[in-house]
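Just so we're on the same page, my numbering is the position in the sequence shown counted from 1, plus 1.
Where a beta carbon is used, it is the ideal one built from N, C-alpha and C, also for glycine.
Accompanying notes for the structure given below.
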Amino acid sequence: MITVEQLEKRYPDGTLAVAGVDLHIQQGESVVLLGANGSGKSTLLRCMTRLIEPTAGRVLIGGSEVGTLDEEGLRALRRRVGVVFQHINLVDHISVLSNVVQGNLGEDGRARQWFGWSATNEVRERAMDCLERVRVAEFAGRRADQLSGGQRQRVALARLLMQRPEIVLADEPVAALDPRAGREVMDLLWRIVDEDGLTLVCTLHQLDLARHYGRRIVGLRDGRVMLDGQNAAIDDATIAALYQHDDQHDDQHDDVVAAGEVGA
Ligand SMILES: Nc1ncnc2c1ncn2[C@@H]1O[C@H](COP(=O)(O)OP(=O)(O)OP(=O)(O)O)[C@@H](O)[C@H]1O
Ligand SMILES: [Mg+2]
């Protein structure tokens, strides 16, 4: 379903974020992409649908080479690929239901918003079904900015369901949530993927979540695949090695950011 060959991304400032990744993911497979902060997970995931343009290598999704698609081809591909981000991107000032209805439509934000108001009953009913499936139907009429983080991410999952994707790319979907809300969202995501037979790539930096949810784990370090195997077959030392590099640098960076936020 997804093939990545010798993928490389070097940012304009010279940072080599993805350094020659090969990956083959079968239809219906769930893969956890695990690695420390800065290991290249988000870059790799975004390169798959060219939200970031890779600098070398190629990606094939469902047989088509993503790098050669024109704008229309890329739009069609992105309709088949649902994305979930860490920073939950709902439209704040419209209702939960309108946010979900948007999942039904194309890419242009304005067109989608406009459609939210004029959606057919059939579309609205389907949106309600999607909300029910992730247990937030009771909030359908509420403005999206009046929900908790966990509820918002569940609405994002409902919007994803509305899109009826074949593939889901989730980038740290629960990193902004507390552990309990995070587990709820992860449970729902995994259930959806299982029930609907979707192909999933989910990045995580938390080892415990990866161990709990992962079947196949692909471990990244410094933009390279350091391990790739079934969760049960990977020992603790191998997986811990993913975090033994460059940690100090990243911790320091996090401290600076945290201190900046406190000061602000
Ligand atoms: N726009 C950019 N320009 C330059 N370097 C970047 C850019 N975005 C990311 N990087 C760098 O590329 C490397 C990989 O970043 P990336 O965000 O892909 O890692 P990650 O594994 O997703 O990290 P995290 O767990 O913090 O989300 C890091 O060294 C990061 O600093
Ligand atoms: Mg990331």
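Rounded straight-line distance, which links the Cα of residue j to that of residue i
i      : j      : result
Asp188 : Gly63  : 26 angstroms
Asn105 : Val226 : 35 angstroms
Gln87  : Thr121 : 31 angstroms
Arg134 : Ala159 : 7 angstroms
Val67  : Ile168 : 14 angstroms
Ala233 : Gly215 : 9 angstroms
Leu178 : Gly151 : 6 angstroms
Asn90  : Leu161 : 12 angstroms
Glu73  : Ala242 : 42 angstroms
Ala20  : Asn38  : 16 angstroms
Arg217 : Glu30  : 8 angstroms
Arg79  : Leu70  : 11 angstroms
Arg155 : Asp93  : 14 angstroms
Gly83  : Thr239 : 31 angstroms
Ser65  : Gln28  : 14 angstroms
Val33  : Glu123 : 35 angstroms
Proximity winner among the options, relative to residue i (alpha-carbon distances)
i      : options                        : result
Gly142 : Gly151, Leu132, Asp71          : Leu132
Ile286 : Glu123, Arg125, Asn38, Val202  : Outside the shown range of the chain, which is 2 to 265, sits residue 286, and nothing can be said about it.
Gly41  : Glu173, Arg217, Ala238, Glu185 : Glu173
Val101 : Val84, Arg125, Val85           : Arg125
Ala138 : Ala145, Ser96, Met129          : Met129
Gln1   : Ile235, Asp195, Leu221         : Only positions 2 to 265 of the chain appear in this structure, which leaves residue 1 out of reach.
Thr4   : Arg11, Cys48, Tyr12            : Cys48
Rounded distance between the beta-carbons of residue j and residue i, thought under 8 angstroms
i      : j      : result
Pro55  : Leu24  : That belief does not hold up - the Cβ atoms of Pro55 and Leu24 are roughly 13 angstroms apart, past 8 angstroms.
Arg1   : Met163 : Since the displayed the chain opens at 2 and closes at 265, residue 1 lies outside it and no answer follows.
Ala18  : Thr44  : 4 angstroms
Arg81  : Glu6   : In fact, because the Cβ distance is near 20 angstroms, the residues do not count as touching under 8 angstroms.
Leu205 : Leu61  : Rounded, the Cβ-Cβ distance is 24 angstroms, inconsistent with contact.
Asp209 : Val219 : Not a contact, Cβ separation roughly 17 angstroms.
Residue burial classification, residue i (beta-carbon count within 10 angstroms, cutoff 16)
i      : result
Gln103 : buried
Ser149 : exposed
Pro166 : buried
Gly15  : exposed
Ala57  : exposed
Arg136 : exposed
Ala77  : exposed
What runs of the beta strand (DSSP E), each 3 residues or longer, lie entirely inside the stretch 52-115?
The stretch 52-115 contains these whole beta strand (DSSP E) runs: 57-62, 82-85.
Enumerate, from N- to C-terminal direction, the unbroken alpha helix (DSSP H) stretches of 4 or more residues contained entirely within the stretch 142-166.
If we require 4 residues or more, the alpha helix (DSSP H) runs fully inside the stretch 142-166 come out as 150-164.
Quick one: which unbroken beta strand (DSSP E) runs of 3-plus residues sit fully inside the stretch 203-238? Chain order, please.
Every unbroken stretch of the beta strand (DSSP E) spanning 3 or more residues and falling wholly within the stretch 203-238 is given here in chain order: 217-222, 225-231.
In chain order, what are the residue ranges of uninterrupted beta strand (DSSP E) at least 3 long that sit wholly in the stretch 20-52?
The qualifying runs are 31-36.
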